[in-house]
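For reference, the structure is listed below as structure tokens.
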Amino acid sequence: DTVGEAILVAKDEDDVDELIDEYFKSSPEPIESKLSSEPALRVHTLATIATGHVRTEEELFEFFGRTFFAHQSPVDELRGKVEDVLAFLQREDFLQPRDGTLRATFFGRRTSDLYIDPLSAVKMRAALEDDREGDFYHLWAACSTPDMPKLYLRRGDYTWVEDKITAEAMTFPVEDYEFMMAEVKTATLFQDWTDERSEDEVTKKFGIGPGDIRRIVDQGVWLMYAMAELGKIFNKKKVMPLTRLMIRIQYGIKEELLDLVQLRGVGRVRARALFGRGLKTLRDLQKANPGDLARIPAIGPALATKITEQLHGKAAMKKLAGQAELGEFG
Numbered sequence: 008d009t010v011g012e013a014i015l016v017a018k019d020e021d022d023v024d025e026l027i028d029e030y031f032k033s034s035p036e037p038i039e040s041k042l043s044s045e046p047a048l049r050v051h052t053l054a055t056i057a058t059g060h061v062r063t064e065e066e067l068f069e070f071f072g073r074t075f076f077a078h079q080s081p082v083d084e085l086r087g088k089v090e091d092v093l094a095f096l097q098r099e100d101f102l103q104p105r106d107g108t109l110r111a112t113f114f115g116r117r118t119s120d121l122y123i124d125p126l127s128a129v130k131m132r133a134a135l136e137d138d139r140e141g142d143f144y145h146l147w148a149a150c151s152t153p154d155m156p157k158l159y160l161r162r163g164d165y166t167w168v169e170d171k172i173t174a175e176a177m178t179f180p181v182e183d184y185e186f187m188m189a190e191v192k193t194a195t196l197f198q199d200w201t202d203e204r205s206e207d208e209v210t211k212k213f214g215i216g217p218g219d220i221r222r223i224v225d226q227g228v229w230l231m232y233a234m235a236e237l238g239k240i241f242n243k244k245k246v247m248p249l250t251r252l253m254i255r256i257q258y259g260i261k262e263e264l265l266d267l268v269q270l271r272g273v274g275r276v277r278a279r280a281l282f283g284r285g286l287k288t289l290r291d292l293q294k295a296n297p298g299d300l301a302r303i304p305a306i307g308p309a310l311a312t313k314i315t316e317q318l319h320g321k322a323a324m325k326k327l328a329g330q331a332e333l334g335e336f337g
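First residue of the sequence shown: 8, per my numbering; consecutive thereafter.
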């Protein structure tokens, strides 16, 4: 598009002059191509090759030569950055040059499909090939990727984060100790969330708002999904534990509630209410009296009816037989 339109709405007449000064009379702010950042360049280089848009290095240079990044950068700088990214992608087995052409490996294509930074995929591969198990190790692995925003360390965080590192008895790669501590702090948020800590507890402990929890959780779900998908390539035995952990992050629940959150309309609070009444599985609920369900706090008559409807028919039989994929939850 050559023309863009925007509408400014002033709160009152006094606000008009301020908006005119800020948006019409001020100098334009400089803009910079996102491709100038190495993570973005890694993602787009791999995607361009994996989707078959280019087949050779020269075609790749020509492609990037038509971008805003090329307009802002000297030719040698552009070529140098692209060559560095290509070397990384080949070294880490995302690309396999053949007869003068660039071809993505299966690992490269899957990483591109997942739309994660190839460096994140490298870190996930290392975690998948590692013999270590346990939720916290894999939470930390996801939090160590460039795709996961890290929580800032406040003055009061250092002691408890160091205690956490000691308690987990894990060996963490240390390139930047404070950065690693931020990764551990972020992983601990996920651990607390999946231990069913309340929003109030999480916001106070980590110094964030409720909206931040949702944003971080959504990213965590996506990265755990990506790790489980890469597990199908590098370590199939970790796929199911990672998938279960992904669902626990999504709902903020302990392992024991996984069965109950398969039901539409049932999240962490309602699942815990059902579990507290001894209704711990879908089979328990199928046997329950709808009237008794309706009297449970947080359930009520309308949801009790919907739960009962979900627990009958072919789809319910499939779930109850244990044949449903965990990816069908929700």
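The C-beta atom is built at its ideal place from N, Cα and C for all residues, glycine as well.
Residue i: buried (16+ other C-beta within 10 angstroms of its C-beta) or exposed?
{"i": "ILE314", "result": "buried"}
{"i": "ILE56", "result": "buried"}
{"i": "HIS145", "result": "buried"}
{"i": "ASP124", "result": "buried"}
{"i": "MET131", "result": "buried"}
{"i": "MET340", "result": "Not covered by the structure: residue 340. The range shown for the chain is 8 to 337."}
{"i": "LYS309", "result": "The identity of residue 309 in the sequence shown is Ala, whereas the question assumes Lys. With fewer than 16 other Cβ atoms within 10 Å, it is exposed."}
{"i": "ASP266", "result": "buried"}
{"i": "LYS211", "result": "exposed"}
{"i": "TRP167", "result": "exposed"}
{"i": "VAL10", "result": "exposed"}
{"i": "VAL82", "result": "exposed"}
{"i": "LYS245", "result": "buried"}
{"i": "ALA133", "result": "exposed"}
Nearest CA to the CA of residue i: which residue from the options?
{"i": "GLU263", "options": "PRO297, LEU289 and GLN103", "result": "LEU289"}
{"i": "ALA305", "options": "PRO35, PRO156 and ARG284", "result": "ARG284"}
{"i": "VAL50", "options": "VAL61, THR74, GLY107 and SER127", "result": "SER127"}
{"i": "LYS239", "options": "GLU136, ASP19 and GLY141", "result": "GLU136"}
{"i": "LEU160", "options": "ALA148, LEU196 and ASP138", "result": "LEU196"}
{"i": "PRO153", "options": "LYS88, ILE220, PHE186 and GLY11", "result": "PHE186"}
{"i": "ILE38", "options": "PHE76, GLY11, ILE256 and MET155", "result": "PHE76"}
{"i": "ARG255", "options": "VAL224, GLU45 and SER80", "result": "VAL224"}
{"i": "LEU158", "options": "ASP183, ALA133, PHE31 and ILE220", "result": "ILE220"}
{"i": "PRO217", "options": "SER205, GLN226 and GLY227", "result": "SER205"}
{"i": "ASP138", "options": "LYS243, ASP19, GLU25 and ALA13", "result": "LYS243"}
{"i": "GLU12", "options": "ASP19, LEU286 and TYR30", "result": "TYR30"}
{"i": "PHE213", "options": "ARG279, GLY163 and ARG98", "result": "GLY163"}
{"i": "SER80", "options": "ARG105, ARG98 and SER44", "result": "SER44"}
Looking at the secondary structure, which residues open and close the alpha helix (DSSP H) in which residue i lies?
{"i": "PHE241", "result": "217-241"}
{"i": "GLY283", "result": "275-283"}
{"i": "ILE27", "result": "20-27"}
{"i": "PHE31", "result": "Note, PHE31: premise wrong, no alpha helix (DSSP H); not H, not E."}
{"i": "HIS78", "result": "75-79"}
{"i": "LEU318", "result": "From DSSP, LEU318 is part of no alpha helix (DSSP H); its letter is neither H nor E."}
{"i": "HIS51", "result": "45-57"}
{"i": "ARG290", "result": "289-294"}
{"i": "THR250", "result": "246-258"}
{"i": "PRO297", "result": "297-301"}
{"i": "VAL209", "result": "206-213"}
{"i": "GLU65", "result": "64-72"}
So, at 7 Å on beta carbons, what are the nonlocal neighbours of residue i in its own chain, with the 5 sequence-adjacent residues on each side left out?
{"i": "GLN330", "result": "Interpretation of GLN330 is limited by its pLDDT of 45, a score under 50 that renders its predicted location unreliable; no figure is taken from the coordinates."}
{"i": "PHE143", "result": "GLU175, ALA194 and GLN198"}
{"i": "GLU236", "result": "ARG117 and LEU121"}
{"i": "ALA311", "result": "PRO297, LEU300 and ALA301"}
{"i": "GLY307", "result": "ALA301"}
{"i": "LYS294", "result": "none"}
{"i": "LEU249", "result": "HIS145, MET231, MET234, ALA235 and GLY238"}
{"i": "VAL23", "result": "ALA17"}
{"i": "PHE68", "result": "ARG86 and VAL89"}
Using C-beta distances below 6 Å, list every residue in its chain close to residue i, excluding the 5 sequence neighbours before and after it, in chain order.
{"i": "CYS150", "result": "GLU190, THR193 and ALA194"}
{"i": "ALA47", "result": "LYS41"}
{"i": "ARG277", "result": "ALA305"}
{"i": "LYS32", "result": "none"}
Within a Cβ cutoff of 8 Å, which residues of the same chain sit near residue i, ignoring the five residues on either side of it in sequence?
{"i": "ARG275", "result": "GLU203, TYR258, GLY259, ILE260, LEU264 and VAL268"}
{"i": "THR108", "result": "ARG62 and THR63"}
{"i": "LEU53", "result": "LEU96, PHE101, LEU102, ALA111, GLY115, THR118, SER119 and PRO125"}
{"i": "LEU252", "result": "ASP142, HIS145, LEU146, THR201 and MET231"}
{"i": "PHE70", "result": "THR55, HIS60 and VAL61"}
{"i": "ASP21", "result": "none"}
{"i": "THR58", "result": "SER119"}
{"i": "PHE113", "result": "ILE240"}
{"i": "PHE282", "result": "GLU263, LEU264 and LEU267"}
{"i": "GLY334", "result": "For GLY334, the predicted model reports a pLDDT of 44, less than 50, meaning its position is unreliable; a value from the coordinates is still stated below. Hits under 8 Å: THR250."}
{"i": "THR74", "result": "SER40 and LEU42"}
Inset, instruction - Ignoring anything shorter than 4 residues or poking outside the segment 149-198, list the alpha helix (DSSP H) runs there in chain order. - result: 164-175
Legend entry - 4-residue-minimum alpha helix (DSSP H) runs that sit fully inside the segment 86-148, ordered along the chain: 113-121 and 125-136
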